[in-house]
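Chains as they are written, first to last, in this note's numbering: chain X, 596 to 767; chain G, 11 to 388.
Glycine included, every Cβ here is placed at the ideal spot set by N, Cα and C.
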Amino acid sequence: MTAIESEGRRAELLKRIGSSFGTEPRIAEDGTAWISVPAGDLGKYLALARDDGFDHCSAISVTDWPEEEAFELTYHLWSYAGRVLLTVKSRIDRRKATVDSAVPLWGPSAGIHERELHELFGVRFSGNPDLAPLFLESWDGPPPFRKDFDWRAYVRETFYEEDDPREQSYWD
Amino acid sequence: MSKATGTETTRESQHAADGFDLYFGPVHPGSGNFGVKLRLEGERVIAARADPGYLHRGFEKLMEYRTPMQNAVLSDRLCILESLNWNLVHAEAVDRLCGMEIPERARYIRVILAELSRIQSHIIWYGVLSKALGFDTGFKVAFGYRDYVLDLFEFVTGGRVYPAGYLCPGGVRRDFPQGAKKRIEDLLAKMVKMLREFEAYDSKTIAARCRGVGVLSLDEALRLGATGPVLRASGLAADVRRDAPYEIYDELDFEIPTREEGDAFARSIIRRREIEESIRIVRQALDRLPAEPLPPVKPKVAGRIPEGEVYVRNEIARGEAAVYMRSVGEDRPYRCKIRGPDLLHMIPVLEHLLVGAEVADVPAIYWSLNICPADMDR
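So this is what it looks like as structure tokens:
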């Protein structure tokens, strides 16, 4: 593919997203496309992106905003033919953190990211057949990557003795 | 162990008539910190369940507590086997958030070191695969050559395995030392000789054990999220360096090797071809390396990271690596999501390939994916 062909396909794909999503994505300086959608329609928009040719689910991530009681989900999607990186963002209620799984769209490649986010942030992906913990053993505390979980305090209280002079510095 | 896993079985059922459980890892030589639970029926694997978590250090959370220069050092540890490549992904994320101008010479140095790191990582893969196949000569030859690359890393960055954030936000930590160019040229000559040796072994051990083993079709590769050499061995010419060029890759001339077979042998050919391409890239970059010396690095990133978010992708030796960084204008990132190729290769892809395989083929499949538990667990 020459550079001109590649640029043509890219422009065409961006146009297609604009019309199927009903809104133009924001194009960042580095050429990546970003679009925010309401939580209720997330599944619908992700399916549109899949149909538009985003065949690779590069990653799914969660950003925690405890003060606003929100989780921001970001789906980073790549199109091998169109060579566009699209990030679909959506905010969901942190207290009822449940969304539809993207496994029907991207298969296990989306499923494994969801499995990780379920363990580390406590987001439930309904329809994902496998949300077993990946990393933590015998863990019954809160999901540890949430902003309101203080790692340092947890480690100090679990593993260090305040009255042990050698471990005093951890408590100062 | 209270971890809920799909194929968890009781001791009684291990000896049940319908199969036998075999734990492959987590202290298997060459793998380390990762295991797969296999269920066997005779010599055939009927179920496989990956068991990650032995190397989970919580990098994403650690980075929320640290400034970019501290995180640059931390990013070394994302994958022991290709620390310079991870350095670069992290540095680029911060660069883009801060809108930093990188000096031309620093961009060349970044690419030269990233490619040498790719070569070095592929050498480790060759050595470990050989070891797994009972081919000790290949292992020793490969690790012998790897040391030449490490000598160069030590000369340039100060560290053999961990460069301590040499490729840092804003460029590189310091300029090439006197004589670096000559030493890199000498190193490349050694790498060419090494490839010839690898080729000479081909028709024997590696081909005999890998051909037709662990076949991954293109559709399956896409569905399971394979990237990098694993995807290219199944027939798709996808490479971030060409599809979404970063640094100076759009100015360089190199090829993306692909194969159609999708088996363990195809994956091994791809990696060797990639070493050749990396040698080409380093030679071109050395030829065009701007002469003007770099000013000493001032760690000016000690200040605030402007508010914003980026998703930066790089092609590292194992596949697609990416960092999603979100900043709210503080001196440390608010969120740093790390996407490594091995979470995909070591869980969905590996589990898929092992089911139906002969137990004797497990090592060939396992190491043909060039796995790294450090980048999977993070």
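- Check the Cα spacing between residue 698/X and each of 618/X, 670/X, 675/X: the tightest is with 670/X.
- For residue 668/X, the enclosing beta strand (DSSP E) covers residues 665–673.
- Secondary-structure assignment with DSSP links residue 30/G through a beta bridge to 50/G.
- Proximity of chain G to residue 713/X at the Cβ level (cut-off 9 Å) is not reached, the minimal Cβ distance being about 12 Å.
- In terms of beta-carbon proximity, residue 347/G lines the interface with chain X, with at least one pair separated by less than 9 Å.
- The C-beta of residue 82/G has 16 or more other C-beta atoms within 10 Å across all chains shown, which makes the residue buried.
- Excluding five sequence positions before and after residue 202/G, the CB atoms of its chain that fall closer than 8 Å to its own CB belong to 289, given in chain order.
- In terms of Cβ geometry, residue 143/G and residue 220/G form a close pair [threshold 9 Å].
- The region 72–80 of chain G makes no contact with the region 293–300 of chain G: fewer than 3 CB pairs, one atom from each, lie closer than 8 Å.
- Between residue 322/G and chain X, the shortest Cβ-Cβ separation is below 9 Å.
- Scanning the region 173–240 of chain G from its first residue to its last, the whole alpha helix (DSSP H) runs of 4-plus residues come out as 190–212, 215–220, 228–233.
- Look at residue 688/X here: in three-state DSSP terms it is strand.
- According to DSSP, residue 171/G shares a beta bridge with no other residue.
- Distance between residue 199/G and residue 192/G, taken at the CA atoms: about 11 Å.
- The beta carbon of residue 89/G sits closer than 6 Å to the beta carbons of 96, 382, 384, 385 from its chain, once the five residues preceding and following it are set aside; these are given in chain order.
- Residue 657/X holds the alpha-carbon nearest to the alpha-carbon of residue 739/X among 657/X, 618/X, 648/X.
- Residues of chain X whose Cβ lies closer than 8 Å to the Cβ of residue 71/G are, in chain order, 739, 740, 746.
- With 16 or more neighbouring CB atoms inside 10 Å of its own CB, residue 102/G falls in the buried class.
- Close to chain X, meaning a Cβ-Cβ distance shorter than 9 Å, are the following residues of the region 323–341 of chain G: 323, 330, 332, 334, 336.
- Not flagged as an interface residue toward chain X: residue 364/G, since no C-beta distance is shorter than 9 Å.
- Contact between residue 118/G and residue 358/G is absent: CB atoms are separated by about 37 Å, not below the 8 Å threshold.
- In the structure shown, residue 135/G adopts helical secondary structure according to DSSP, grouped into three states.
- Beta bridge pairing from DSSP links residue 629/X with 621/X, 682/X.
- The contact set of residue 357/G on chain X, defined by CB atoms closer than 7 Å, consists of 707 in chain order.
- In this structure, residue 661/X lies near residue 689/X, with their beta-carbon atoms less than 9 Å apart.
- Across the region 214–235 of chain G, CB contacts with chain X closer than 7 Å involve 232, 233, 234, 235, in sequence order along the chain.
- For residue 751/X, no Cβ of chain G is located within less than 9 Å of the residue's own Cβ.
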